[in-house]
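Here the structure comes first, spelled out in structure tokens, and everything after it is commentary.
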Amino acid sequence: MSFFLEIKSNTVKCPNGCKLFNDKRNFSYWESKNVTKDEKYIVDYLNINSEVLKNKNILHVGIGNSYIAKKLLSYNKIDGISLSQNELDYASKLNLSNYNFFFQNKYANQKLFDDKLNFYNIIIDINLKSFSCCEVAFDEMFKMYVKIINKDGKIITSRTGLEWSRIIKPVLSFSFKNFLYKRLKEFDGPESNILSIQNCEEISKKFNLDIDLSDQNLVIFTKK
Ligand SMILES: C[S@@+](CC[C@H](N)C(=O)[O-])C[C@H]1O[C@@H](n2cnc3c(N)ncnc32)[C@H](O)[C@@H]1O
């Protein structure tokens, strides 16, 4: 048996003024869940195409249970972001070298991307638009991704992740295993957050990127 109660949390604004979750208290989310098959595809792809990975700096958006940092071979460093402090605490306990992680809402109108997170060869984000509050925030986030990758840098996402739209709300939950605890609960999100391949092609034109659709599971944007 479990129940939940929506609770108030600290927020930050997106560039368009939407209120976004920004609470560094211990909210549980994906740290003890299984990695998605989307992220597994990306790890398999990168480990097979190891020249893409060699000596590369990677930004992992949405670290979940840190599968990427645990399984990728031969990178230079991984920076990861998440909006769940429990995911960050879990990452910290892994003690992996060259793995840094930050609390950051990717749609927030904040400076962390400018100050700490920059110059990547690869950005991995399996849910490019899944949790977006509005078009303005998504556009600004994508512009930021393009800005912080090097020439020939790649933004890698998963095709099934693109079809996923969710809203995350902070709730107080009860379960017999955990008693009362704070967590981020998913609800269905708006259809406008679902991206088709055609949408991806439009994004690539808009941001002057090459788009590689040769892998049936992935969409890969490359900066020219
Ligand atoms: C469904 S989980 C997937 C976790 C992991 N990427 C995987 O595929 O197993 C979504 C992840 O995205 C992160 N996330 C969701 N919305 C975010 C946002 N607006 N900014 C930063 N991270 C976000 C969550 O913290 C979580 O790590």
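The sequence shown begins at 1411 in our numbering and counts up one residue at a time.
All C-beta atoms, glycine included, are put in the ideal place defined by N, C-alpha and C.
Item, Value
"For E1596, which beta-bridge partners are listed by DSSP?", "I1578"
"Between the C-alpha atoms of V1445 and P1600, what's the straight-line distance to the nearest angstrom?", "24 angstroms"
"To the nearest whole angstrom, what separates the beta carbons of L1594 and P1580, a pair I think is in contact under 8 angstroms?", "6 angstroms"
"In this structure, what does DSSP give as the bridge partners for L1590?", "F1584"
"Would you be able to state if there are at least three C-beta pairs under 8 angstroms between the region 1411-1425 and the region 1475-1493?", "no"
"Determine the extent of the beta strand (DSSP E) in which N1467 is found, giving its start and end residues.", "N1467 to V1471"
"Does the Cβ of N1508 have 16 or more other Cβ atoms within 10 Å, making it buried, or fewer, making it exposed?", "exposed"
"Shorter than 7 angstroms, the distance from the beta carbon of F1437 to the closest heavy atom of ligand 1, or not?", "no"
"Buried or exposed, going by whether 16 or more other CB atoms sit within 10 Å of the CB of G1563?", "buried"
"What is the rounded straight-line gap between the Cα of I1565 and the Cα of E1545?", "19 angstroms"
"How do the region 1528-1547 and the region 1426-1437 stand: do at least 3 beta-carbon pairs fall below 8 angstroms, yes or no?", "yes"
"Can you tell me whether I1478 is helix, strand or coil according to DSSP?", "helix"
"Between which two residues does the alpha helix (DSSP H) holding S1614 run?", "I1607 to K1616"
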